[in-house]
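I have placed the structure first, in the form of structure tokens, so that the comments after it can refer back to it.
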């Protein structure tokens with residue numbers, strides 16, 4: 001009876017030892033698997049930190065680009081306001097020319113014709129030229145922003161030029177009637193004749209307006225290219241559309 005129990009216990013012990021050996025082998029495999037998992041986790045943590053740094057860098061670039069775009073948008077708004085002011089000033093100048101050109105041209109030409117009628121000798125001509133030169137000198141000291149005074153100054157300079165030609169012709173015995181009249185209009189604006197000086201002033205003003213508009217168009221094209229390259233936030237896009245709505249006739 002006792003031997004049978006000992007044999008049974010021996011068998012149980014052998015089975016237990018065999019199970020222990022198997023569990024030790026499984027524990028060794030689990031340790032190896034655990035070490036591999038720790039290595040994989042460390043590698044993934046390194047990759048995550050690298051991705052986090054890249055995300056921070058990208059986020060900084062996006063913020064910087066949005067600030068740059070906002071600055072460009074403000075610059076574009078400033079240019080559009082400047083262009084509107086120039087166009088308004090040009091409209092005022094053109095209106096002044098249209099309303100006052102005929103009146104001042106008639107007054108100055110009438111005065112010139114009356115004075116030329118009394119240029120019978122060289123003495124009277126010299127006195128008249130002296131007066132005209134004094135008037136031209138006084139007008140030249142006036143601010144050029146005054147359109148009316150600038151127009152009068154131009155007419156007086158033309159008067160001096162014509163009077164010098166008259167003086168030279170009389171000195172040579174030529175017939176004054178064949179000398180071309182001064183202030184002859186060579187250009188018109190809306191049907192209103194303009195002198196050569198006024199035409200040059202108009203051409204210069206148009207050239208300035210075209211230069212500002214070309215500069216604005218280049219800025220606009222650059223901004224549109226930046227808009228296509230960047231991924232913008234809804235707030236920035238809304239601001240862009242708001243700027244576009246300021247002057248639709250300019251942006252189209």
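Numbering (my numbering), first residue to last: 1 to 252.
Glycine included, every Cβ here is placed at the ideal spot set by N, Cα and C.
Burial state of residue i (16 or more Cβ within 10 Å)
{"i": "residue 80", "result": "buried"}
{"i": "residue 17", "result": "exposed"}
{"i": "residue 13", "result": "exposed"}
{"i": "residue 37", "result": "exposed"}
{"i": "residue 4", "result": "exposed"}
{"i": "residue 27", "result": "exposed"}
{"i": "residue 76", "result": "buried"}
{"i": "residue 97", "result": "buried"}
Alpha-carbon to alpha-carbon, residue j and residue i
{"i": "residue 82", "j": "residue 89", "result": "11 Å"}
{"i": "residue 70", "j": "residue 99", "result": "44 Å"}
{"i": "residue 196", "j": "residue 203", "result": "10 Å"}
{"i": "residue 176", "j": "residue 200", "result": "The predicted model places residue 176 with a pLDDT of 39, which falls under 50 and marks its position as unreliable; any figure quoted below should be read in that light. So the alpha carbons of these two residues sit roughly 28 Å apart."}
{"i": "residue 10", "j": "residue 20", "result": "15 Å"}
{"i": "residue 67", "j": "residue 73", "result": "10 Å"}
{"i": "residue 40", "j": "residue 29", "result": "16 Å"}
{"i": "residue 22", "j": "residue 15", "result": "11 Å"}
{"i": "residue 56", "j": "residue 25", "result": "46 Å"}
{"i": "residue 60", "j": "residue 51", "result": "14 Å"}
{"i": "residue 221", "j": "residue 64", "result": "20 Å"}
{"i": "residue 47", "j": "residue 31", "result": "24 Å"}
{"i": "residue 166", "j": "residue 84", "result": "Because residue 166 sits at a pLDDT of 44, beneath the cut-off of 50, its placement in the model cannot be relied upon, and the point is left open."}
{"i": "residue 6", "j": "residue 33", "result": "40 Å"}
{"i": "residue 35", "j": "residue 42", "result": "11 Å"}
{"i": "residue 53", "j": "residue 91", "result": "57 Å"}
{"i": "residue 45", "j": "residue 58", "result": "20 Å"}
{"i": "residue 94", "j": "residue 78", "result": "24 Å"}
{"i": "residue 119", "j": "residue 86", "result": "Its pLDDT being 45, under 50, residue 119 is placed unreliably by the model, and the measurement read from it follows with that caveat. Answer to the nearest angstrom: the Cα atoms are 45 Å apart."}
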